[in-house]
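One structure is given below, encoded as structure tokens.
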Amino acid sequence: MLNIDRDLGRFKRIVKGQVRKDLRKYMSSGELIGRKGKETVSIPLHKIGIPRLRFGENKEGMGQGEGEEGSDPGQGQKAGEAEGEHLLEVEITVQELAEIMAEELELPRIEPKGTQSAKTAKHKYKGIATEGPESLRHNQRTFKRALKRQISAGTFSPKRPVVIPIKADRRYRSFVVEQEPRSSAVIVYMMDVSGSMGKEQKEIVRSQAFWIDTWLRHNYDNVDARFVIHDAAAREVDRDTFFRTRESGGTLISSAYKLCMEILKKDYPVDDWNIYPFHFSDGDNWSQSDTRTCMKLLKDEMLPIVNQFSYAQVDSQYGSGQFIKDLKENFADHEEVALSRVANRDAILDSIRELLGRGK
Amino acid sequence: MAHIPHRFLRDGRGLPSQLEEARVSIKALAEGYGLDFFETIFEMCSYEEINMLASYGGFPNRYPHWRYGMEYLEMQKSYEYGLSKIYEMVINTDPSYAYLMDCNLMVDQKLVMAHVYGHVDFFKNNLWFAQTNRKMLDQMANHGSRVRKIIDREGITAVEAFIDVCLSIDNLVDPYADQIKRSHTSTEADYKAAAADLDIPKMPAKGYMDKHINPPEFLAAQAQKKVDDLAKMASFPEDPERDVMGFILQHGKLPGWKRDILSIVRDEALYFAPQGQTKIMNEGWATYWHTSMMTRDILTDSEVIDYCDHHSGTVAQQPGRLNPYKMGVELLRDIERRWDKGQFGKDWLDCKDPRERARWDTGALLGKEKLFQVRHTHNDITFLDTFLTPEFCREQGFFTTKYDKKARSWVIDSREFAEVKQGLLGTLASRGTPRVYVVDGNHNNRGELRLAHAHEGKDIQLDWASMTLQNLTAMWGRPVHLETFLDGKPILVSCDGTEVTREDRPTGELDESE
């Protein structure tokens with residue numbers, strides 16, 4: 129191993145420690161969103177400096193170039209010695225980030241629901257075949273075969289141990305198809321986009337969705353995410369639209385729950401999928417009668433098939449915040465219902481803990 | 353055993369034949385121009401390897417530490433994003449090793465080789481490098497294996513944490529320590545001489561009784577007591593000691609392995625110190641020679657454009673910044689021109705007529721000779737102090753800047769020669785490192801360490817100072833104090849091991865009257 133790999137490893141461990149320490153900051157600032165690649169998250173860090181005695185902010189500096197006295201010496205002027213302010217981007221894998229989050233928030237690992245693991249066919253190179261491409265030839269086996277043949281035919285002499293394989297001796301690696309259990313989960317994000325959900329509220333939802341994604345992807349081999357927005361009516365959208373849309377008008381929460389059930393029934397048979405609906409709202413619903421419809425829908429249709437139904441209420445200055453109270457009243461003793469109130473960005477971390485802390 | 357990749361010890365014959373031919377001819381050219389260098393071994397590296405070498409400061413077998421990983425990551429990123437790339441890397445050893453990046457154009461490789469011979473000539477002949485260990489490759493490897501052994505015994509976490517602490521004071525060394533022996537330790541004889549000036553107390557006695565009441569043995573004992581008192585009263589250290597690291601090493605109470613690590617970090621800091629003191633000269637000298645050789649001798653017609661492109665990148669002038677390559681090479685050329693025309697000495701200095709000065713040419717043709725002399729004796733500070741002229745500063749457009757609070761931005765303050773020169777020297781003298789001395793190793797007679805910052809107009813950054821003091825306290829084992837100034841007021845920052853406090857103080861011996 130090259131020395132640099134070891135030193136790089138040491139540095140990355142320090143970085144992970146730093147991420148752990150700053151997790152709350154990352155969670156509330158939403159800084160990591162948009163930095164997620166396929167398998168890694170790139171984390172902006174200040175270059176870790178070793179403290180030394182050094183000069184503070186410069187009061188005077190030096191430069192070279194054109195310009196009148198008293199004029200701006202040109203862009204980027206910050207004279208000399210300012211060091212240690214570099215931003216460094218460090219990549220850590222989504223897995224590592226999820227593990228850090230799990231340890232910090234003390235999230236229990238999710239037990240996928242019993243029977244529903246779908247099987248997927250996986251090709252594994254475990255077998256041996258008499259035919260195959262030359263690139264997969266198994267030399268050891270081939271020569272063993274040849275040796276056996278020569279010994280039994282009496283053409284092998286220990287004094288002159290030459291082994292020459294013929295075509296029939298050749299052996300090749302081959303794959304066998306194995307059924308592997310694979311756990312799948314679907315997340316249905318639902319969000320109230322009526323006028324009372326402002327930009328700040330959406331940012332909070334976006335942040336939460338990022339961490340929920342990270343955690344569930346860590347726990348399941350295969351995760352689908354679907355997005356539903358609603359005001360008085362609900363429609364399914366893509367991720368991008370989900371976080372951008374702002375409508376005005378009233379709110380009928382039941383419309384979202386109905387659409388969610390349609391999606392689930394159509395694409396996600398309950399035997400194969402672990403189901404996670406998340407609903408974000410400011411807690412305003414149009415009427416008590418619609419709220420009653422919601423409770424009935426939840427109780428009779430949704431709760432029986434989901435792993436967990438989660439509702440996060442993002443405080444806004446307009447919302448009455450009634451809906452979470454209604455949910456509490458109706459489902460206080462239901463384990464599969466997770467409720468959380470998010471007052472502001474700083475509460476995101478605690479909210480995530482409430483939503484994901486049940487190991488469901 | 354340190355892991356030294358075999359290729360780093362291979363000799364130059366490994367260069368592809370085309371490059372080897374170029375190397376031989378450039379070497380002959382450089383010798384023809386009078387450059388005098390150690391044998392220089394060139395190696396080809398991929399960008400990953402050169403970044404790795406650069407993050408280790410040129411020594412791939414150094415002791416393990418996370419900061420090399422961080423540097424490496426930063427260089428990799430900045431190369432991958434196309435922000436910067438290292439053309440060359442050369443280390444000050446005998447034989448000297450220089451690394452070429454394998455994906456560079458042929459013309460770049462030639463430029464780099466010419467440049468490298470300039471650097472190696474400088475390493476070999478500049479006085480400030482005279483004391484550096486030319487077998488540093490071996491010593492670094494030796495340091496590496498010592499640290500690895502300590503890690504095996506003490507654990508990586510403890511060792512790395514202590515290296516962090518040592519690095520935190522690795523700028524508190526005396527960069528001139530190898531050149532000047534300054535610490536004068538008073539001996540018994542000094543105190544005797546001092547005591548001889550004092551009256552030796554006697555018992556009162558009448559003249560005829562004196563030799564009985566004050567017998568010679570008694571007087572000798574009294575005299576000895578005086579000498580002992582003087583020795584006790586002497587401050588410790590006697591003169592302010594700039595080598596804080598050395599002082600802790602010598603007088604601190606660190607356990608064995610920590611002492612070993614501290615001395616390793618100090619040795620390496622001292623090895624690299626001359627490179628910081630001669631950045632402008634060294635880069636200027638190498639640039640001077642690569643331009644001379646490339647444009648006069650080496651370039652083929654088809655290479656001119658690429659050469660110009662890359663050379664102009666090296667000496668590019670970003671708005672409002674100083675480029676050591678540019679400054680060094682321009683000042684060297686100015687010196688050559690002045691000494692060729694005889695623009696020096698008393699007559700030249702006495703001449704105040706700008707027109708006459710501009711026309712001045714005695715046909716002295718001493719330029720080259722002067723240049724070699726300058727590269728032998730000067731460091732950046734003496735170089736600028738001696739050779740800056742008002743004409744040069746005006747031509748180069750130097751200015752000082754200040755922060756305009758009303759406009760909330762930096763503005764050009766002055767183009768006056770005196771101020772520009774003072775500004776340049778000030779920047780160099782500090783190099784971003786405040787001068788700090790040990791003034792008392794037994795402060796309050798409680799074994800506490802008192803340091804003093806020789807304040808030269810710039811305040812220390814206090815939050816960093818607090819963290820550094822905590823590290824110093826961890827090393828010294830007793831409270832540590834630092835005298836400095838904050839906004840013109842004398843203050844004392846103290847750390848007792850748990851918290852850092854700040855108080856006003858009367859002015860001390862190192863303070864300039866302000």
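Taken in order, these protein sequences are the chains called A and B.
Numbering-wise, the first sequence is residues 129 to 488 according to this note's numbering.
Numbering-wise, the second sequence is residues 353 to 866 according to this note's numbering.
Every residue gets a Cβ at the ideal spot worked out from N, C-alpha and C, and that includes glycine.
Predicted, not measured: the structure shown is a model, and the values here were computed from it.
Tell me the rounded alpha-carbon separation between residue i and residue j.
i	j	result
B/Asp580	B/Leu834	30 angstroms
B/Met712	B/Arg685	The question names Met, but residue 712 of chain B in the sequence shown is Trp. Approximately 17 angstroms between the Cα atoms of the pair.
B/Arg689	B/Gly719	6 angstroms
A/Gly255	A/Arg269	12 angstroms
A/Ser409	A/Ile357	10 angstroms
B/Cys455	B/Ser398	7 angstroms
A/Gln223	B/Asn413	33 angstroms
B/Ala625	B/Val667	24 angstroms
A/Ile228	A/Ile480	14 angstroms
A/Arg180	B/Asn797	27 angstroms
B/Met453	B/Asp765	42 angstroms
B/Phe750	B/Gly715	29 angstroms
B/Leu479	B/Pro607	36 angstroms
B/Phe514	A/Glu231	28 angstroms
B/Ser761	B/Thr753	10 angstroms
A/Leu484	B/Lys678	59 angstroms
B/Tyr433	B/Glu426	11 angstroms
B/Ser520	A/Arg141	20 angstroms
B/Lys476	B/Thr729	12 angstroms
A/Glu209	B/Ala770	Since pLDDT at A/Glu209 reaches only 37, below the 50 mark, its modelled position is unreliable, and the value read off the structure follows with that caveat. About 22 angstroms.
A/Val304	A/Ala249	10 angstroms
A/Arg345	A/Leu275	51 angstroms
A/Glu211	A/Arg148	For A/Glu211, the predicted model reports a pLDDT of 40, less than 50, meaning its position is unreliable; a value from the coordinates is still stated below. If I take the Cα positions, the gap works out to 25 angstroms.
B/Leu821	B/His603	17 angstroms
Who are the Cβ neighbours of residue i in its own chain at under 7 angstroms, not counting the five residues just before and after it?
i	result
A/Gly411	Gln441, Gly447, Ser448, Gly449, Gln450, Phe451, Ile452
B/Gly799	Arg830
A/Gly158	Glu331, Arg334, Ser335
Within its chain, find whatever has a CB closer than 6 angstroms to the CB of residue i; leave out the 5 residues flanking it on each side and keep chain order.
i	result
B/Ile503	Val511
B/Arg648	none
A/Val401	Here residue 401 of chain A is Trp; the residue named in the question, Val, does not match the sequence. Excluding residues within five positions, the ones whose Cβ falls inside 6 angstroms are Ser312, Val314.
B/Phe735	Met633
Leaving out five residues on either side along the sequence, give the residues of the same chain with a beta carbon under 8 angstroms from the beta carbon of residue i.
i	result
B/Gly598	Val525, Asp526, Ala529, Arg618
B/Gln675	Correcting the residue identity first, residue 675 of chain B is Asn in this sequence and not Gln. So the list reads Val667, Ala668, Gln669, once near-sequence residues are dropped.
Counting along the chain, where does the beta strand (DSSP E) carrying residue i start and finish?
i	result
A/Gln307	300–310
B/Lys841	841–847
A/Phe371	Not the beta strand (DSSP E): A/Phe371 falls in the alpha helix (DSSP H), residues 367–372.
B/Ser341	Here chain B comprises residues numbered 353 to 866, so residue 341 of chain B is not present and cannot be evaluated.
B/Pro527	That residue, B/Pro527, is in no beta strand (DSSP E); it is neither H nor E in DSSP.
B/Gly793	788–795
B/Phe837	832–838
A/Glu234	No beta strand (DSSP E) holds A/Glu234; DSSP gives it neither H nor E.
A/Phe406	401–409
A/Val169	168–174
A/Leu467	465–470
B/Pro801	Here the sequence assigns Leu to residue 801 of chain B, which means Pro is not the residue at that position. Note, B/Leu801: beta strand (DSSP E), 800–805.
What residues are listed by DSSP as bridge partners for residue i?
i	result
A/Gly255	A/Ser302
B/Leu452	B/Met396, B/Glu440
A/Gln192	B/Phe750
A/Lys250	A/Glu306
A/Val351	A/Ala313
B/Ile812	A/Phe183
B/Arg854	B/Val845
Along the chain, where does the alpha helix (DSSP H) containing residue i start, and where does it finish?
i	result
B/Trp700	697–702
B/Val726	719–729
A/Asn435	Careful: A/Asn435 lies outside any alpha helix (DSSP H) and carries neither H nor E.
A/Ala274	267–281
Below 7 angstroms, is the gap between the Cβ of residue i and the nearest heavy atom of the ligand GDP?
i	result
A/Asp428	No copy of the ligand GDP appears in this structure; indeed no ligand is present at all.
Checklist entry - Going along the segment 754–776 of chain B in order, which residues come within less than 9 angstroms of chain A, judged by CB to CB distance? => result Of all residues in the segment 754–776 of chain B, only Lys754, Tyr755, Asp756, Ala759, Ser761, Trp762, Val763, Ile764, Asp765, Ser766, Arg767, Val772, Gly775, Leu776 place a beta-carbon less than 9 angstroms from a beta-carbon of chain A.
Checklist entry - Going along the chain, which residues of the segment 178–200 of chain A sit with their C-beta nearer than 9 angstroms to a C-beta in chain B? => result Taking 9 angstroms as the Cβ-Cβ cut-off, the segment 178–200 of chain A approaches chain B at Ile178, Pro179, Arg180, Leu181, Arg182, Phe183, Gly184, Glu185, Asn186, Lys187, Glu188, Gly189, Met190, Gly191, Gln192, Gly193, Glu194, Gly195, Glu196, Glu197, Gly198, Ser199, Asp200, given in chain order.
Item to check | Interface positions of the segment 827–840 of chain B facing chain A (Cβ-Cβ less than 7 angstroms), listed along the chain | outcome: Within the segment 827–840 of chain B, no residue has a Cβ that lies closer than 7 angstroms to any Cβ of chain A.
Item to check | Selection of the segment 135–150 of chain A by Cβ proximity to chain B, strictly under 9 angstroms | outcome: Listed in sequence order: Asp135, Leu136, Gly137, Arg138, Phe139, Lys140, Arg141, Ile142, Val143.
Item to check | chain A contacts from the segment 419–441 of chain B (Cβ-Cβ distance under 8 angstroms) | outcome: Residues of the segment 419–441 of chain B whose Cβ lies closer than 8 angstroms to any Cβ of chain A, in chain order: Arg419, Tyr420, Gly421, Met422, Tyr424, Leu425, Glu426, Lys429.
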